[in-house]
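Following: one structure in structure tokens, then a few remarks.
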Amino acid sequence: MTEFKDKVIYQIYMKSFRDSDHDGFGDLKGVTEKLDYLQELGVDILWLTPFFSSPQNDNGYDISDYYSIDPLFGTMQDLEELIREAEQRGLSLMFDMVFNHTSTEHEWFRKAVSGDPEYMDYYIFKDGDPDTPPTNWISKFGGPAWEYLPNLGKWYLHLFDKTQADLNWNNPKVREELKQVVRFWKEKGIKGFRFDVVNLISKPEVFQDDMKGDGRRFYTDGPHVHEFLKELVRDTKIEDMVTVGEMSSTDIKNCIRYSRPEEKELSMCFNFHHLKIDYKSGDKWELMDPDRLELKRLLEDWQLNMQEQNGWNAVFWCNHDQPRIVSRLGDDKRYWKESAKMLAACIHLLRGTPYIYQGEEIGMTNPGFMEIGQYRDVESLNYYRIMREQGKTEQEALEVLRARSRDNGRTPMQWSSDKFAGFSDKEPWISIPDNYQTINAKAQRRDPDSVYAFYQKLIRLRKERSVIADGQIEFLFREHPDVMAYRRFHDQEEILAFHNLTKKEVVLPLESGAKEYRLVLGNYGELLTGQGALILRPYETAAIEAY
Ligand code: TEU
1 MTEFKDKVIY QIYMKSFRDS DHDGFGDLKG VTEKLDYLQE LGVDILWLTP FFSSPQNDNG
61 YDISDYYSID PLFGTMQDLE ELIREAEQRG LSLMFDMVFN HTSTEHEWFR KAVSGDPEYM
121 DYYIFKDGDP DTPPTNWISK FGGPAWEYLP NLGKWYLHLF DKTQADLNWN NPKVREELKQ
181 VVRFWKEKGI KGFRFDVVNL ISKPEVFQDD MKGDGRRFYT DGPHVHEFLK ELVRDTKIED
241 MVTVGEMSST DIKNCIRYSR PEEKELSMCF NFHHLKIDYK SGDKWELMDP DRLELKRLLE
301 DWQLNMQEQN GWNAVFWCNH DQPRIVSRLG DDKRYWKESA KMLAACIHLL RGTPYIYQGE
361 EIGMTNPGFM EIGQYRDVES LNYYRIMREQ GKTEQEALEV LRARSRDNGR TPMQWSSDKF
421 AGFSDKEPWI SIPDNYQTIN AKAQRRDPDS VYAFYQKLIR LRKERSVIAD GQIEFLFREH
481 PDVMAYRRFH DQEEILAFHN LTKKEVVLPL ESGAKEYRLV LGNYGELLTG QGALILRPYE
541 TAAIEAY
């Protein structure tokens, strides 16, 4: 499937989507149960987060067997049924390949720590004394990026949790093992792959201390990453599938290479720079109000450079690692509905393939947990401890988690106002915010003015107006601090999109000339214009065209 520019991809966080077997965890049969809902929404591809065998230290991103399904999520028969049922509804499945690291419970790692030299070379082991890690690198989940094994007298590298050992991609046997995994799932009828933190797989020849940072500059977009990706794609024959790479801390130059068709690497990239505009001094755990001008600058930078060089962006706000965007950049109180719709249009009308994260289509919000006992995420729990050690009070640390924790996006999908939000009939693995009584799919599916209905319209618009998928982009009012505005155009077709990012009313001068404009899609019903100006109400989004 090469065409993906007019597709919309929906991300399912397996643990929190729908529990069909009454254990408080989402599962494969639960996804099958909800395929009609997804078909009605209008999405094309379903990205399923990992459901392979895992000790669940990082919710499945710590895989102990790439070929088997963790019983928590069901059986291979359940998966085969899901593939069939999805296919019947014109829905394709995208699996999540975690190839930078395995769980330390993976057979390969167990053999490595038993001293088997062949399998030790599957990972990154370094000699050293127990008090001095090979480098001063910091794990992305806090603490040192190395763990010492006394029985071996060696350290192993883990860029994430210590139960997630980094694989040695310089070893051709490792690359062959992972190609085999891709071939196995491709054989099952999968139509796409997401590659987790795939731009971290190529480690430097020399491991050295980072005197200027946490070490990421040495392994991010590493020396052989493009070579490894080309080899993986070529040898598994997936260049015609829909593939997306999660590119942690990457840059535009590399993302052009990762996603230009001529390179035969991936279809598109996730990058996260636009989701760090509320990080004080770039630190996720230091709160700052969002810098909307920086947001505009970053989105414009990436859109224009990728356009000029024939790259392709995944465009998104939310995923299982991010807080809910309506709470983060919108208003989850007074202007909840308007801001949820505006944020949706802001992303969906850009140049790129849009991703909808489960619950985003109904405007789900951050849960606002008040106790540390409500948190489950290994990264959040690590940083809670670190923040307390650094002197933050319990309430100060909890305030940071309420804004930044990955658990904000991991609460169960809110299907209805029934107990446990219709997600399960058992206490779920993580709490559900009380607003499920009013913010839920059942309440919105039949409401033509709902956030859900607006997402349906956005998806339909992408199918009906080729200028959105295929058109070029040019940004307008670039210095305006409150409005994101751009022009999509190709051939004779043009749509202007205006998004008021604030609760202020904004007046924009429309180009003179006797053009009349009509609303293609908006969140306030009718267009408000006057004396050659466009008036944008709080969080108003308006896609318009001249006629
Ligand atoms: O995420 C990579 C990553 O760095 C994220 O953890 C996120 O960018 C960070 O938490 C923001 O502070 C991928 C998966 O999406 C994530 O769920 C996994 O925990 C991680 O890789 C390790 O596999």
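Under UniProt numbering, the first residue of the sequence shown carries the number 1, and numbering increases by one thereafter.
We treat Cβ as the ideally placed atom computed from N, Cα and C, and that holds for glycine.
Rounded to the nearest angstrom, the Cβ distance from D6 to R462 is 6 Å, consistent with a contact under 8 Å. Three or more Cβ pairs closer than 8 Å define a contact, and the stretch 107-121 falls short of that threshold against the stretch 131-138.
Classified as exposed, A533 has fewer than 16 neighbouring CB atoms from the shown chains inside 10 Å of its CB.
Residue state for N100 is assigned as coil, using DSSP reduced to three classes.
For M76, same chain residues with a beta-carbon under 7 Å away, outside a window of 5 residues either side, are I69 in chain order. For A165, the enclosing beta strand (DSSP E) starts and ends at 164-166. Taking the CA atoms as reference points, Y384 sits about 6 Å from A397. Just so you know, the alpha carbons of A453 and A443 end up roughly 11 Å apart. Contact between A403 and L527 fails: their C-beta atoms lie close to 35 Å from each other, not under 8 Å. Rounded to the nearest whole angstrom, the CA to CA distance from K457 to S417 is 24 Å. In the pairwise beta carbon analysis, the stretch 143-158 is classified as not touching the stretch 355-371: fewer than three pairs are separated by under 8 Å.
Not one heavy atom of the ligand TEU sits closer than 7 Å to the Cβ of V400.
Remark: the shortest separation between the CB of E147 and any heavy atom of the ligand TEU does not fall under 7 Å. It is roughly 11 Å from the alpha-carbon of L501 to the alpha-carbon of A340. Taking all protein chains in view, the Cβ of Q303 is crowded by 16 or more other Cβ atoms within 10 Å, so the residue is classified as buried.
Around the beta carbon of R217, fewer than 16 other beta carbons sit within 10 angstroms, so the residue counts as exposed. With the criterion CB distance below 7 Å from any heavy atom of the ligand TEU, the matching residues run D58, N59, Y61, V98, N100, H101, K140, F160, Q164, D196, V197, E246, S248, F272, K284, N319, H320, D321, E379, R406 along the chain. Taking 3 residues as the shortest admissible run, the stretch 121-162 contains the following complete beta strand (DSSP E) segments, listed from N- to C-terminal end: 125-127, 146-149, 154-157. Taking C-beta separations shorter than 7 Å and ignoring five residues to either side along the sequence, the partners of I386 in its chain run G142, following chain order. Per DSSP, reduced to three states, the secondary structure at R334 is coil, with no helix or strand assignment.
Around the C-beta of V174, 16 or more other C-beta atoms lie within 10 Å, and the residue is accordingly described as buried.
By the criterion of at least three beta-carbon pairs nearer than 8 Å, the stretch 88-108 is in contact with the stretch 188-205. Looking from the CA of E394, the closest CA among D377, G373, G30 belongs to G373.
Of all alpha-carbon atoms in Q309, L167, Q531, the one lying nearest the alpha-carbon of I124 is that of L167.
In this structure, DSSP gives S249 a state outside helix and strand, which the three-state scheme calls coil.
A direct Cα-to-Cα measurement between E474 and L298 gives close to 14 Å. Judged by pairs of C-beta atoms under 8 Å, the stretch 270-279 does not touch the stretch 223-233, as fewer than three such pairs exist. M306 places its beta carbon less than 8 Å from that of I256.
If the five residues before and after G311 are omitted, its C-beta is found closer than 7 Å to the C-beta atoms of C255, I256, S259, R260, all from its own chain and listed in chain order.
For K284, the enclosing beta strand (DSSP E) begins and ends at 283-287. Using a Cβ distance threshold of 8 Å, W155 and K126 count as a contacting pair.
Residue pairing by DSSP places I45 opposite I9, S92 in a beta bridge. According to the DSSP secondary-structure assignment, A397 is paired through a beta bridge with no residue. Judged by DSSP secondary structure, F498 falls within the beta strand (DSSP E) whose first and last residues are 493-500. Here I468 really is in contact with L349; their C-beta atoms are around 6 Å apart, less than 8 Å.
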